[in-house]
Amino acid sequence: MTDLSVDLGFLKLKNPVIGASGTFGYGLEFEPYIDLNRLGGFVVKGLYFSPREGNPPPRLVETPSGLINAIGLPGIGVKRFSEEILPRLQKFNTTIIVNVCGESNEEYASVVEFLDKHDGIAAYELNISCPNVEQDGLCPALSPEATFSAVSLVKKTSSRPIIAKLSPNVTDVVQIALSAEEAGADALSLVNTFLAMAVDIETRKPKLSNIYGGLSGPAIKPIALRITHQVAGRVKIPVIGMGGILTGQDALEYMIAGAKAVEVGTANFIDPESTVKIIEELREYCQKKGIDRIETLIGTLQA
Amino acid sequence: MVKDPQARIVNKKNWKSYFSLSLESPRIAAQAQSGQFIMVRVSAHTQPLLRRPFSIHSKSEKTVEIFFQITGLGTELLSQKKPEDSLDILGPLGKGFEAGKNLKGKDIALVGGGRGIAPLYFLSQKLRSYGATARIFYGGKSQDDLPLKEKFKEDGFDLYWSTDDGSSGFKGFVSDLFKTKLEKLRPERIFACGPELMMKKISLIAQEKNIPAEFSLESVMGCGFGACWGCVRRIKRDNREEWVKICEEGPVFSGNDIIWEEGDE
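These protein sequence lines are chains A and B, in that order.
Residues are numbered in our numbering as their position in the first sequence, beginning at 1, plus a constant of 7.
Residues are numbered in our numbering as their position in the second sequence, beginning at 1, plus a constant of 592.
Have a look at this one:
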């Protein structure tokens, strides 16, 4: 019997596979296709305090082995989430993480303050890295100082663990990661999407209404994996790796490179069963290699 | 909503750049309503990465059929599939046409432009089963863009067709043809699918004549089941406008609710 559970210190997951925010809706969208109880967890779509519209279409453009999105974080806000969605999520035996958004540090804090009064949430993933809400992809995760101030304020406010979700669109993610750690983040999740664009050569217009969007999917995996390895080697808090994970092999690469758990994103669109298939592939790998506990694999990259 | 990882292709038809594939999927066929769609994975690899949405063109007890035109890599790869190959499909998805037994005995106009004819065939069959009279208005750029003309004729529907270049039927847009025919015909309901401008014109005609109309909208989709929020459209809801997910609340919307794109009047 292979033990797939992983311990983040503040949170034990039944397996390392988490549905990534922005690709997993509010979780319920996947109920027709998979048993949500089988997941290590999932992160519900980013929530601002108030409902939000998001960007005009086109919001998506496919590129070779990748997807650029400029959805712009539409959502139902914390009130409707706590009334309409959360009660339905509470019946599942899996880890529910809420992705927390804000236009200011105060908004991040107010989202957390509101949700703290409701049961059924294991942790908050602080979305300081969405490239689609401000011009030129600006977000706190582009600067160590802004990261520090957002994470430290939310950490002070929150009764629950904080996972800071970092951006790859910086010179050195390690510096941002160290800032988040110093500010009190309990874990890091990385990476969010890569700022990207595509052009229609017939009309000479950008293919996204927002001009820029965030690139995800297999196209980014090698870079995201490298960043995960760099960060995991420098921080003491757990790192949740993500970027282009489609298969068990992809997830294993991240874990060997140092990720304690992984988030699966774009794969959910291609196949709503992806998360469950990846869990099965992890189990098969462990059985084949005679690994009793998948945790023993984490950070075992050979020199 | 079912995932069928191995829906076998049992029939394939081809007319120049248009194709149809019949897929064996009893569970999806059992649930399918006219106006709904399926998401098809065209490649097991990562290029193209995402599934592609297709309206359900017809169904039998065990099969659902899709009808498409080659418009890019996804449809090109799909056009190369052969009978006995199988496809990974999700469906049926979305909300279809509001066409029920209440339309019995009524005169209904179905207006399709180009590949937008796809969902209207399924609807025509359903309307007939309810005892409604469906008239088909079918437009294309040229005679090669009307591959389903014979099928509708063989089924005995009243068919009116147009081509932009006049190579077959009425010369001009199908919306102009439709307007001309309204001098004599009095449809009580309109269902339409096609290019944005065509649907916008039909919607204006419908509003002018006070005929309820529904439109099936097309969009790039990330997932098809509401998780990605990628396929939104401006829609009127309770006296305000919202971005609404086409995959979940559509693809069929009432003409009164759709905010049409600007330009090209």
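We put the beta carbon where it would ideally sit given N, CA and C, even for glycine.
- Message: I want to check one thing, is the minimum distance from the CB of LEU215 of chain A to the heavy atoms of the ligand FMN below 7 Å?
- Response: For the structure depicted, the ligand FMN is absent and the ligand set is empty, with no information on it obtainable.
- Message: Short of 7 Å in beta carbon distance, which residues of its chain neighbour ILE72 of chain A, apart from the five on each side in sequence? Order them along the chain.
- Response: Residue 72 of chain A sits at position 65 when you count from the first residue of the first sequence. It is worth fixing the name first, because residue 72 of chain A is Ser in this sequence and not Ile. Hits under 7 Å: GLY224, PRO225, ALA226.
- Item | Every unbroken alpha helix (DSSP H) within the segment 216-256 of chain A, with a cutoff of 4 residues, ordered by chain | Fully enclosed alpha helix (DSSP H) runs of 4 or longer: 228-239.
- Check the Cβ-Cβ distances between PHE99 of chain A and every residue of chain B, and say whether any is below 8 Å. As a position in the first sequence, residue 99 of chain A is number 92, starting the count at 1. Interface residue (Cβ-Cβ distance to chain B less than 8 Å): PHE99 of chain A is not classified as such.
- Query: What residues match up with PRO279 of chain A in a beta bridge as DSSP calls it?
  - Reply: Along the first sequence, read from residue 1 onward, the residue named residue 279 of chain A stands at position 272. In the DSSP output, where bridge partners are listed per residue, PRO279 of chain A has none listed.
- Message: Ignoring anything shorter than 4 residues, give me the alpha helix (DSSP H) runs that lie fully in the segment 741-777 of chain B, in order along the chain.
- Response: Secondary structure within the segment 741-777 of chain B: the alpha helix (DSSP H) runs of 4 or more consecutive residues, fully enclosed, are 741-746, 766-773 (chain order).
- When the cut-off is 8 Å and only beta carbons count, does MET593 of chain B lie next to chain A? By one-based count along the second sequence, residue 593 of chain B stands at place 1. Cβ-Cβ to chain A under 8 Å: yes for MET593 of chain B.
- Query: So, is the C-beta of ILE78 of chain A closer than 8 Å to a C-beta in chain B?
  - Reply: In the first sequence, counting from the first residue as 1, residue 78 of chain A sits at position 71. The beta carbon of ILE78 of chain A sits closer than 8 Å to some beta carbon of chain B.
- Query: With DSSP run on the structure shown, which of helix, strand or coil describes SER734 of chain B?
  - Reply: Within the second sequence, residue 734 of chain B is the residue found at index 142, counting from 1. Coil, per DSSP.
- Min CB distance GLY224 of chain A to chain B below 8 Å: Numbered from 1 along the first sequence, position 217 holds the residue referred to as residue 224 of chain A. Chain B, which has a Cβ nearer than 8 Å to the Cβ of GLY224 of chain A, makes this yes.
- Query: What separation, rounded to the nearest whole angstrom, lies between the Cα atoms of GLU141 of chain A and CYS823 of chain B?
  - Reply: Your numbering for residue 141 of chain A matches position 134 in the first sequence. Your numbering for residue 823 of chain B matches position 231 in the second sequence. C-alpha separation (whole angstroms): 21 Å.
- Message: So within the segment 593-623 of chain B, which uninterrupted beta strand (DSSP E) runs reach at least 3 residues, ignoring any that extend past its ends?
- Response: Runs found: 594-607, 610-616.
- Task: Would you mind listing the beta strand (DSSP E) stretches within the segment 667-717 of chain B that are 3+ residues and don't spill past its ends, in chain order?
- Result: Those beta strand (DSSP E) runs which fall completely within the segment 667-717 of chain B and span 3+ residues are 678-685, 699-705.
- Item | Reference MET790 of chain B; option with closest CA among B:TYR610, B:GLY706, B:GLY683 | Here residue 790 of chain B corresponds to residue number 198 of the second sequence, with the count starting at 1. Per the Cα distances, B:GLY706.
- Query: Hey, does PHE660 of chain B have any beta-carbon neighbour from chain A nearer than 8 Å?
  - Reply: Here the question's residue 660 of chain B lines up with position 68 in the second sequence. Between PHE660 of chain B and chain A, the shortest Cβ-Cβ separation is not below 8 Å.
- Measuring alpha carbon to alpha carbon, tell me which of A:THR254, A:PRO138, A:LYS295 ends up nearest ALA636 of chain B. Residue numbering aside, residue 636 of chain B sits at position 44 when the second sequence is read from its first letter. Comparing Cα positions, the closest option is A:THR254.
- Item | Nonlocal neighbours in the same chain, by C-beta distance under 7 Å from LEU238 of chain A, ignoring five residues either side | Locating residue 238 of chain A in the first sequence gives position 231, where the first residue counts as 1. According to the sequence displayed, residue 238 of chain A carries Val and not Leu. Excluding its 5 nearest sequence neighbours in each direction, VAL238 of chain A has C-beta neighbours in its own chain below 7 Å: VAL180, VAL181, ALA184, LEU195, LEU197, VAL246, listed in chain order.
- Item | For ASN134 of chain A, the first and last residue of its enclosing alpha helix (DSSP H) | On the first sequence, position 127 is the one that residue 134 of chain A refers to. Here ASN134 of chain A belongs to no alpha helix (DSSP H); instead the beta strand (DSSP E) covers 130-134.
- Hey, how far is the Cα of GLY32 of chain A from the Cα of CYS815 of chain B? Sequence index remark: in the first sequence, residue 32 of chain A carries index 25 (1-based). Sequence index remark: in the second sequence, residue 815 of chain B carries index 223 (1-based). Their backbone Cα atoms lie some 11 Å apart in a straight line.
- Task: Under 6 Å Cβ to Cβ from HIS236 of chain A, same chain only, skipping five residues before and after it: list those, please.
- Result: Walking along the first sequence from the start, residue 236 of chain A turns up at place 229. Contacts found: ALA264, GLY265.
- Helix, strand or coil at CYS785 of chain B [DSSP, three-state]: Indexing the second sequence from 1 puts residue 785 of chain B at position 193. Three-state result, CYS785 of chain B: strand.
- Message: When you compare the CB of PRO684 of chain B with every CB in chain A, is at least one pair closer than 8 Å?
- Response: Taking the second sequence and counting its residues from 1, one reaches residue 684 of chain B at position 92. By this cut-off, PRO684 of chain B is not an interface position.
- Can you give me the Cβ contacts of ARG727 of chain B inside the same chain, cut-off strictly under 6 Å, excluding the 5 residues immediately before and after it? The residue given as residue 727 of chain B occupies position 135 in the second sequence. Result list for ARG727 of chain B: ALA701, ASP750, in chain order.
- Under 8 Å between C-beta atoms, does CYS839 of chain B make it to chain A? By 1-based counting over the second sequence, the position of residue 839 of chain B is 247. So, not an interface residue.
- Message: For a test of the three-state rule: what should DSSP assign to ASN112 of chain A, helix, strand or coil?
- Response: Your numbering for residue 112 of chain A matches position 105 in the first sequence. Reduced to three states, the DSSP call for ASN112 of chain A is helix.
- Query: So which residues on chain B does ASN275 of chain A lean against when the C-beta distance must stay under 8 Å?
  - Reply: Sequence index remark: in the first sequence, residue 275 of chain A carries index 268 (1-based). Those within 8 Å of ASN275 of chain A in chain B are CYS815, ALA819.
- Message: With three or more C-beta pairs closer than 8 Å as the rule, is the segment 38-50 of chain A touching the segment 186-194 of chain A?
- Response: Below 8 Å, too few C-beta pairs join the segment 186-194 of chain A and the segment 38-50 of chain A to call them touching: fewer than three.
- Message: To the nearest angstrom, how far is the alpha carbon of LYS698 of chain B from that of SER136 of chain A?
- Response: Your numbering for residue 698 of chain B matches position 106 in the second sequence. Your numbering for residue 136 of chain A matches position 129 in the first sequence. When rounded, the distance between both Cα atoms is 55 Å.
- In chain A, which residues lie with their C-beta within 9 Å of the C-beta of ARG832 of chain B? As a first step, residue 832 of chain B must be located in the second sequence, where it is residue number 240. Residues of chain A with a Cβ closer than 9 Å to the Cβ of ARG832 of chain B do not exist, since the nearest Cβ in that chain sits about 11 Å away.
- Query: ARG829 of chain B CB to nearest chain A CB: under 8 Å?
  - Reply: For the purposes of this step, residue 829 of chain B is identified with residue 237 of the second sequence, where counting begins at 1. Closer than 8 Å: no.
- Task: Can you grab the Cα-Cα spacing for the pair ILE601 of chain B / TRP753 of chain B, in whole Å?
- Result: In the second sequence, counting from the first residue as 1, residue 601 of chain B sits at position 9. In the second sequence, counting from the first residue as 1, residue 753 of chain B sits at position 161. About 30 Å.
- Does TYR55 of chain A come within less than 8 Å of chain B when only Cβ atoms are used? Position 48 of the first sequence holds residue 55 of chain A. With 8 Å as the cut-off, TYR55 of chain A does not count as an interface residue toward chain B.
- Task: Consult DSSP for ILE797 of chain B and reduce its assignment to one of helix, strand or coil.
- Result: Against the second sequence, residue 797 of chain B aligns to sequence position 205. Looking at ILE797 of chain B - three-state DSSP - the assignment turns out to be helix.
- Local conformation of PRO739 of chain B per DSSP, three classes: Locating residue 739 of chain B in the second sequence gives position 147, where the first residue counts as 1. PRO739 of chain B falls in the coil class under three-state DSSP.
- Check the Cβ of GLY221 of chain A against every Cβ in chain B and list those closer than 7 Å, keeping chain order. Along the first sequence, read from residue 1 onward, the residue named residue 221 of chain A stands at position 214. Within chain B, no residue comes near GLY221 of chain A; the closest Cβ sits about 12 Å away, beyond 7 Å.
- Query: How would you list, in chain order, the residues of chain A whose beta-carbon sits under 9 Å from the beta-carbon of ARG643 of chain B?
  - Reply: One-based indexing of the second sequence puts residue 643 of chain B at position 51. Chain A residues near ARG643 of chain B: PHE276, ILE277, ASP278.
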